[in-house]
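Peer 1:
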Amino acid sequence: MSRRRDKPEASTSAVHSGEREGRPNVSDSLTTPIVQTSTYWFRDTQEVIDYQEGRHPSFEYGRYGNPTTRTAEEKLRELEGGEACVISASGMNSVTTLLLALVPAGGRIVTTRDCYRRTRQFISTILPKMGVETTVIDPSDMEALDRALEQPVTLFFSESPTNPYLCVVDIPRVAERCHARGTIVVIDSTFATPINQRALALGADLVLHSGTKYLAGHNDVMAGGLVGSEALIGPIRDLHAILGGVLDPHAAYLLLRGMKTLSLRVERANANATAIARFLESHPAVERVYYPGLESHADHEVARSQMSGFGGVVSFELPGGLEGASKFIDALRIPYIAPSLGGVESLVEQPTVMSYWDQTPERRAEIGIHDNLVRYACGIEDATDLIADIEQALERS
Ligand SMILES: Cc1ncc(COP(=O)(O)O)c(C=O)c1O
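Per my numbering, the very first residue in the sequence shown carries number 8; after that it's consecutive.
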């Protein structure tokens, strides 16, 4: 039987993609060098003219590109199986640049309810200044999507899984409906990673990542990325060069290095989250657990059909309201109390206290954030230690 393979598996791509071809060749360095420059020089005026007329390749200036960043873009592009990729200085920079580039003034978008707070803020406070109208639907409400699509809609934007309730959007169904109406489908796949979910293969037109999370994976760098067709990435890249949210080359190196171990880290985070979710679900002191890998999760079947792993984040509700959840968090010994997710260290937060403290209780209720909700983002520690820690915290709180 032939062992020749046309496409490598994700774990092989994560290590090798982008690294050999086209990377900066400095002293045959095995690792991609950090090209720490803000500009690129030309040997003579003819070379400048050759560049302008497409005969001489150059990034010209740091805001238009960088070889280290380019290598990171190639790796992410390959991992998501897309045609083009643009990486930027943060996930939010990818969100804002994408929406500004693709949604025209007076346009209309559809988003889903459970959504990263700052994305929601940009959509509800900045886009209206350009006359952009937004319809917000439940991630699984196909009838609401059909109703929204009765009017022209430029773009559908949703996380999958969502933050913090880990709802899973049925990407093929959404794509079918949106594409019938000429609507672009964008999936923020930050919580899934390209290891657990290939949003483009499922029908999305663009996939977005906060590279700060699993891609970089060490809680030490901020980055964002978008992958899709050149026709969609081109205008985003052009606006990115104007808005200027470029990733520093050193940060691009950290992102690249992080991505090499993505597959291993995600497998461990998946396993840790699955073990923790099952433990919590069987614990009498826990009121409710949200994890798409659990049969009890409303979107479990959809998740099973489109994800190969269910991610590293588990959300759950504890008795005793705001205080009960705070006491539990304060009794934990392993995870750090911090926002974010996807790094090697486990992190824990109470969304009401961390991200939604500035909102009134009424507004929190409207958004659907329960005061007793805990979001636990697994790192790559040992599941037995994490569970023992959770058990002692439940006993002490
Ligand atoms: C799902 C999701 N998308 C986007 C972002 C924004 O990414 P960044 O923090 O890298 O700007 C976040 C940040 O938490 C997120 O959770």
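Idealized CB from N, CA, C, for every residue including glycine.
Skipping 5 residues on each side, what residues in its chain have a beta carbon closer than 7 Å to that of Pro159?
Peer 2: Cβ neighbours of Pro159 beyond the five flanking positions: Arg115.
Peer 1: Check the C-beta distance from Val351 over to Arg272 and give it rounded, since I have them as a contact under 8 Å.
Peer 2: So it is a contact: roughly 7 Å between Cβ atoms.
Peer 1: Any heavy atom of ligand 1 closer than 8 Å to the Cβ of Val175?
Peer 2: No - ligand 1 has no heavy atom lying nearer than 8 Å to the Cβ of Val175.
Peer 1: Helix, strand or coil for Phe335, going by three-state DSSP, please let me know.
Peer 2: DSSP places Phe335 in helix when its eight states are reduced to three.
Peer 1: Along the alpha helix (DSSP H) that carries Glu150, what are the first and last residues, could you check?
Peer 2: Glu150 -> alpha helix (DSSP H) spans 149 to 155.
Peer 1: Among the candidates Leu239, Asp378, Gly224, Ala223, whose CA atom is the shortest distance from the CA of Leu207?
Peer 2: With distances taken between Cα atoms, Leu207 lies closest to Leu239.
Peer 1: State yes or no: is the C-beta of Thr119 nearer than 8 Å to some heavy atom of ligand 3?
Peer 2: Ligands displayed in this structure: ligand 1; ligand 3 is not among them.
Peer 1: I'd like the list of long-range same chain contacts for Arg188, defined as Cβ closer than 6 Å, with 5 residues on each side in sequence excluded.
Peer 2: Taken in chain order, the residues that qualify are Leu156.
Peer 1: Would you tell me roughly how many angstroms separate the C-alpha atoms of Ser411 and Arg70, rounded to the nearest one?
Peer 2: Absent from the model: residue 411. The displayed extent of the chain is 8 to 404, so no value can be given.
Peer 1: CB-CB under 6 Å to His63, same chain, minus the five flanking residues each way: which ones, in chain order?
Peer 2: Excluding positions up to five away in sequence, the list reads Glu54, Asp57.
Peer 1: My output table needs one value for Tyr260: the three-state DSSP class, helix, strand or coil.
Peer 2: Helix, per DSSP.
Peer 1: Out of Arg403, Thr52, Val309, Met99, which has the shortest C-alpha to C-alpha gap to Ala292?
Peer 2: Closest by alpha carbon: Arg403.
Peer 1: Which residue wins for smallest C-alpha separation from Ala223, given the options Glu80, Ile341, Leu37?
Peer 2: When each option's Cα is compared against that of Ala223, the closest is Glu80.
Peer 1: Determine the contact status of Glu294 and Phe335, defining contact as a CB-CB distance below 9 Å.
Peer 2: It is not a contact, given that the beta carbons lie outside the stated cut-off.
Peer 1: So is the beta-carbon of Gly231 under 8 Å away from any non-hydrogen atom of ligand 1?
Peer 2: Yes, the beta carbon of Gly231 sits closer than 8 Å to at least one heavy atom of ligand 1.
Peer 1: In the DSSP assignment, find the alpha helix (DSSP H) that holds Phe286 and state where it starts and stops.
Peer 2: Here the alpha helix (DSSP H) through Phe286 covers 269 to 289.
Peer 1: How long is the line joining the alpha carbons of Gln357 and Gly265, rounded to whole angstroms?
Peer 2: Straight-line Cα distance between these residues: approximately 27 Å.
Peer 1: Can the beta-carbon of Val355 be found less than 9 Å from the beta-carbon of Leu380?
Peer 2: No, the pair does not count as a contact, with Cβ atoms beyond the cut-off.
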